[in-house]
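My numbering applies: residue 306 is where the sequence shown begins, and numbers increase by one.
We treat Cβ as the ideally placed atom computed from N, Cα and C, and that holds for glycine.
Computed from a prediction, not measured in an experiment: that's the story for all the values here.
Working notes for the structure below.
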Amino acid sequence: MIQLNYRDSRPIYEQVRDGLRQLLMSGAILPGEKLPSVRALASSLTINPNTIQRAYEALENEGYVYTQIGKGTFAAELSDVNLERRQELLVQFDQTASELLFLGTPAETLIQRLREMEEKRND
């Protein structure tokens with residue numbers, strides 16, 4: 306499920322957030338599916354529940370999950386992911402693509418990689 310790397314410079318909550326985000330994007334966690342409780346996930350990863358809560362809150366702020374009081378945290382429909390998060394990712398994409406072009410990567414290589422990602426997503 307989620308792999309933590311204690312040598313990673315990122316805080317643990319960011320690793321948990323990114324791991325859960327990847328599971329959501331890959332379809333391993335389906336829209337509407339209930340995520341593990343904070344305590345259950347903290348126990349399985351042997352980390353503090355506050356760390357899991359912080360990761361869940363970050364994902365909720367990004368629109369990837371929603372919480373129902375007394376019921377738990379659930380995966381949101383991908384169409385519900387907020388516009389602000391999309392804008393952040395587009396800025397990162399532009400910066401990365403610009404650097405790759407500067408380093409001599411042909412634009413066609415970038416386009417082909419995008420097409421391959423889209424094909425994988427549609428499979």
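query, result
"For Q373, name the three-state secondary structure that DSSP assigns.", "strand"
"Specify, as a first and last residue, the run of the alpha helix (DSSP H) that R312 falls within.", "Element bounds for R312: n/a, residue is neither H nor E."
"Would you decide whether T378 is buried or exposed? Buried here means 16 or more other CB atoms lie within 10 Å of its CB.", "buried"
"Once the 5 residues before and after R390 are set aside, which same chain residues still bring their CB inside 7 Å of it?", "E367 and G368"
"Could you check the C-alpha separation between I416 and R326 for me, to the nearest Å?", "24 Å"
"Beta-carbon within less than 7 Å of G337's beta-carbon, same chain only, minus the 5 sequence neighbours each way: which residues are those?", "F379 and A380"
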